[in-house]
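In what follows, a single structure is set out as structure tokens and then discussed.
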Amino acid sequence: MAEGVNAQEFWRWPETNWVNPDIDWRKGKIITAGVDVGSVSTQAVIMVDGEFFAYGNTRTGSDSPDSARKGMGFALEKTDMKIENMDYCIGTGYGRVNVPMAQQSITEISCHARGANFMYGPEVRTVMDMGGQDCKAIRIDDRGKVLNFMMNDKCAAGTGRGMEVFADLIGVPVWEIGARSFKIQKEPPMISSICVVFAKSEVVGLLESGMPENDIMAAYCSAMAHRIMELLNRLGVQKKFVITGGIAKNEGVVKRIEKELGIQTAERVWNKKEYIDRGYPFDTQLAGAIGAALLGNAVLKMDKAKSTRKA
Amino acid sequence: MIVAGIDVGGKNLHIVIKKDGQILGKAAGPTGIKKAVAVEQLYDEVLKKAGLTRKDMGRVMATGSSAKRVAFANGSIPDVAADARGVYKLVPSARTVIDVGAEEGRAIKVSPEGKVLDFAINDKCAAGTGTFVEAISRALEVSVDEMSKIALQSTQTLSTNAQCAVFGESEVVSLIHQKTPKPDIARAVMNAIAGRVASVARIVGLEKDVVMIGGMAKNAGFVDSLKKSIDMDIIVPEDPDFMGALGAAEAALAGAMTEEGKAGP
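As structure tokens, this is what we get:
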């Protein structure tokens, strides 16, 4: 892709927000929020008595407090709730200490563990969180508590950022890559470069050689799956196994991890069919913010903190 | 006999034409995507400048990560061997050779006779290569040469968290937003790369004299960072980026052929 010609930004995934039409927050006893300021995306989740009420999923800007405010504002956009109506807010993620509306911060590993427990049920033992600039394999117990984890935050290979760089290079919107990576005749050999920078050169060479775009996407997705496998193998995978974070939306990577691992990812329990019928969305990027909001609820229930509700 | 050494690297291509002890011509250019085409073009160009044709040529020896792209070569030698030969010719006192190119960094331990004793390579991660400098120079909106110069003017040491070129680029963008002076950013990046290169060099062990070659050896800012990182003096020969091509030409003169040697042109 020549620079300048490429006016479209292929990495720019759509920002979303939603409010649960079946909950009247004014009847709620405890209203908690979780704000997950990641390196690439920011999510705010609001829970009323541990029930999912609203969320906003936005892109992180250059400033963490602004990103947190933007995420929270987006989550509240379709509601008549204000930050003053909330009892407690917990910040998490890479920018967790810079969340202005939060009373406390908790690491994203704890929050993702708790969030995965809520979204996929108490049988989950292994959570693979694939974030924008890092990825973590987390072992958890039936209450969503962290037992052990392995992390890569040193190298862009195997992270969402790597996939965004690839999307921009190949000129295909990032959310289409997964599906297109299966529209192939035969599974191609994976991209051999580990480093994202070198993979870019390799992809340019493959495009030049006339390899079909879909095949290149398949080659990139399997390289990423393979990279993640190294982390999972070191931790050891126990069932049930789930993938959270942005890359969890990329079936091209998820199905290839499942294939290499020989283990299917678990079905979600939250937002099951009846919820889907009612039009409830499900977003794997929310796990951290959901966990933070749930941990906030627990903190208040256990009287470890006081409500900061002002209205 | 007139010979040629052709070094086809990840991003750049270097050719040296030699007749016995004398260099008749040399040229460098980008490999681009069609490496084989770039090789043919630059080869014809350098021959023309030297007043030669392909018929005048004896052996042609290729080296570099894409040595196979030189269709007309009589043979090829590994880049590590080419580096050692080239350096031995110019700096016989060298015991450690550090070669940092666009997409690879390597350290070679050589004997007093110029033989390769041991080597270590980083070709997996861009954070220890010239590509990282190119990416950051784009972010800083200065040329690579300019970045080398301003790095030497830095007055404060920043520590960067990123160990990855992709993350490093994001980090530099936020440093620019924070109005961090460009020289300090440039220096921090050079230090980061030097740290990666030094760790590769320590695998083979650092022994005097340390000679640095490859495109990054032309980057005075980087060489300075590396000196401080390994706490040793570094010798940079003239035209350090031509060292692989020179070594290949030396090998052609010596008649050292690999099994892959093909029939002459």
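Residue numbers (my numbering), protein chains in the order written: chain A, 1 to 311; chain B, 1 to 265.
Beta carbons are placed, not taken as given, at the ideal position from N, Cα and C, and that holds for glycine.
C-alpha gap between residue i and residue j, whole angstroms
{"i": "B/Ile15", "j": "B/Ala67", "result": "12 Å"}
{"i": "A/Met101", "j": "A/Ser64", "result": "12 Å"}
{"i": "A/Asp153", "j": "B/Ala188", "result": "19 Å"}
{"i": "B/Met147", "j": "B/Lys179", "result": "17 Å"}
{"i": "B/Ile33", "j": "A/Phe10", "result": "23 Å"}
{"i": "A/Leu206", "j": "A/Asp87", "result": "54 Å"}
{"i": "B/Val100", "j": "A/Glu108", "result": "38 Å"}
{"i": "A/Ala68", "j": "A/Ile46", "result": "13 Å"}
{"i": "B/Ala28", "j": "B/Phe222", "result": "21 Å"}
{"i": "A/Ala292", "j": "A/Pro14", "result": "23 Å"}
{"i": "A/Asn350", "j": "B/Ser174", "result": "Residue coverage of chain A in this structure runs from 1 to 311, which leaves residue 350 of chain A outside it and unanswerable."}
{"i": "A/Gly171", "j": "A/Ala199", "result": "15 Å"}
{"i": "B/Ile108", "j": "A/Gly132", "result": "37 Å"}
{"i": "B/Lys55", "j": "B/Val3", "result": "11 Å"}
{"i": "A/Met302", "j": "A/Lys29", "result": "14 Å"}
{"i": "A/Arg135", "j": "A/Asp129", "result": "One point to set straight first is that residue 135 of chain A is Cys, not Arg, in the sequence displayed. Cα to Cα, the separation comes out at about 6 Å."}
{"i": "A/Ala2", "j": "A/Leu169", "result": "Caution applies to A/Ala2, whose pLDDT of 40 falls short of 50 and renders its modelled position unreliable; the model cannot decide the point."}
{"i": "A/Val204", "j": "A/Gly210", "result": "10 Å"}
Three-state secondary structure (DSSP) of residue i
{"i": "B/Pro30", "result": "strand"}
{"i": "A/Cys89", "result": "strand"}
{"i": "B/Glu259", "result": "Because the pLDDT of B/Glu259 is 40, which lies under 50, any placement of that residue in the model is unreliable, and the number read from its coordinates should be weighed accordingly. Looking at B/Glu259 - three-state DSSP - the assignment turns out to be coil, as it is neither helix nor strand."}
{"i": "A/Ser313", "result": "Residue 313 of chain A lies beyond the residue range present for chain A, which begins at 1 and ends at 311; the question has no answer from this structure."}
{"i": "A/Gly56", "result": "strand"}
{"i": "A/Lys273", "result": "helix"}
{"i": "B/Cys164", "result": "coil"}
{"i": "A/Trp18", "result": "strand"}
{"i": "A/Glu164", "result": "helix"}
{"i": "A/Cys135", "result": "strand"}
{"i": "B/Lys12", "result": "Just to set this straight, residue 12 of chain B is Asn in the shown sequence, not Lys. Three-state DSSP puts B/Asn12 in a strand."}
{"i": "B/Gln290", "result": "The question about residue 290 of chain B has no answer, for chain B in this structure spans 1 to 265."}
{"i": "B/Met212", "result": "strand"}
{"i": "A/Lys154", "result": "coil"}
{"i": "B/Ala249", "result": "helix"}
{"i": "A/Glu260", "result": "helix"}
{"i": "B/Ile185", "result": "helix"}
{"i": "B/Gly130", "result": "helix"}
{"i": "B/Ala62", "result": "strand"}
{"i": "A/Gln285", "result": "helix"}
{"i": "B/Asp41", "result": "For the record, residue 41 of chain B in the displayed sequence is Gln; it is not Asp. It is helical."}
{"i": "A/Asp141", "result": "coil"}
{"i": "A/Asn148", "result": "strand"}
{"i": "A/Gly73", "result": "helix"}
CA nearest to the CA of residue i, picked from the options
{"i": "B/Thr131", "options": "A/Gly28, A/Val197, A/Glu176 and A/Ser41", "result": "A/Val197"}
{"i": "A/Gln8", "options": "A/Asp36, A/Gly61, A/Glu164 and A/Tyr120", "result": "A/Glu164"}
{"i": "A/Arg268", "options": "A/Glu84, A/Glu123 and A/Pro21", "result": "A/Glu123"}
{"i": "A/Thr32", "options": "A/Thr126, A/Cys89, A/Ala305 and A/Val127", "result": "A/Cys89"}
{"i": "A/Asp36", "options": "A/Lys306, A/Leu295, A/Ala305 and A/Gly178", "result": "A/Leu295"}
{"i": "A/Lys145", "options": "A/Cys135, A/Thr159, A/Val127 and A/Gly131", "result": "A/Val127"}
{"i": "A/Arg96", "options": "A/Gly178, A/Gly50 and A/Ser39", "result": "A/Ser39"}
{"i": "A/Ile184", "options": "A/Pro212, A/Asp168, A/Pro21 and A/Gln264", "result": "A/Pro212"}
{"i": "B/Asn122", "options": "B/Ala201, B/Thr157, B/Met216 and B/Met243", "result": "B/Ala201"}
{"i": "A/Asn85", "options": "A/Gly162, A/Glu258, A/Thr16 and A/Lys27", "result": "A/Lys27"}
{"i": "A/Ser201", "options": "B/Gln163, B/Lys124 and B/Asn191", "result": "B/Lys124"}
{"i": "B/Lys35", "options": "B/Ala151, B/Pro92, B/Ala62 and B/Ala126", "result": "B/Ala62"}
{"i": "A/Thr42", "options": "A/Lys186, A/Thr79 and A/Gly245", "result": "A/Gly245"}
{"i": "B/Lys218", "options": "B/Gly255, B/Phe119 and B/Val144", "result": "B/Val144"}
{"i": "A/Val99", "options": "A/Tyr280, A/Ala289 and A/Thr265", "result": "A/Ala289"}
{"i": "A/Trp18", "options": "A/Phe53, A/Cys195 and A/Arg12", "result": "A/Phe53"}
{"i": "B/Ile185", "options": "B/Phe167, B/Gly205, B/Thr160 and B/Val166", "result": "B/Thr160"}
{"i": "B/Met190", "options": "B/Leu52, B/Gly86, B/Ala151 and B/Ala73", "result": "B/Ala151"}
{"i": "B/Phe119", "options": "B/Ala249, B/Ile234 and B/Val197", "result": "B/Val197"}
{"i": "B/Asp79", "options": "B/Gly5, B/Ile235 and B/Ala194", "result": "B/Gly5"}
{"i": "B/Asp233", "options": "B/Glu207, B/Leu253, B/Ala139 and B/Ala249", "result": "B/Glu207"}
For residue i, the residue or residues it bridges with in DSSP
{"i": "B/Gln22", "result": "B/Lys19"}
{"i": "A/Ile216", "result": "A/Ile216 pairs with nothing; no bridge assigned."}
{"i": "A/Leu206", "result": "BP columns for A/Leu206 are empty, so no partner."}
{"i": "A/Glu238", "result": "According to the sequence provided, residue 238 of chain A is Gln. The question's Glu does not apply to it. Looking at the DSSP assignment, A/Gln238 forms no beta bridge with any residue, so it has no partner."}
{"i": "A/Ile170", "result": "Bridge partners of A/Ile170: none, in fact."}
{"i": "B/Arg106", "result": "B/Asp99 and B/Ile121"}
{"i": "A/Ala44", "result": "A/Val35 and A/Gly56"}
Interface residues of chain C facing residue i [CB-CB closer than 7 Å]
{"i": "B/Ala126", "result": "Absent from the structure: chain C. Protein chains present are A and B."}
Could you say if the segment 278-293 of chain A and the segment 207-218 of chain A meet the contact criterion of at least three C-beta pairs nearer than 8 Å? The segment 278-293 of chain A is not in contact with the segment 207-218 of chain A.
Touch test, the segment 21-38 of chain B against the segment 260-280 of chain A, Cβ-Cβ under 8 Å, three pairs minimum: No: fewer than three Cβ pairs fall under 8 Å.
Evaluate the contact criterion for the segment 156-173 of chain A versus the segment 218-234 of chain A: three or more CB pairs, one atom per stretch, below 8 Å. Contact holds: three or more Cβ-Cβ distances are below 8 Å.
Report yes or no: do the segment 161-181 of chain A and the segment 237-254 of chain A share at least 3 C-beta pairs separated by less than 8 Å? Taking a cut-off of 8 Å for Cβ pairs, the segment 161-181 of chain A and the segment 237-254 of chain A touch, as three or more such pairs fall below it.
If we count Cβ pairs, one from each stretch, closer than 8 Å, do we get three or more for the segment 92-107 of chain B versus the segment 205-216 of chain B? With a cut-off of 8 Å, the segment 205-216 of chain B and the segment 92-107 of chain B count as touching, because enough Cβ pairs lie within range.
Using 8 Å as the cut-off, can you tell me whether the segment 223-242 of chain B makes contact with the segment 201-211 of chain B, which would need three or more C-beta pairs spanning the two stretches below that distance? Between the segment 223-242 of chain B and the segment 201-211 of chain B, the count of C-beta pairs closer than 8 Å reaches three or more; the two stretches touch.
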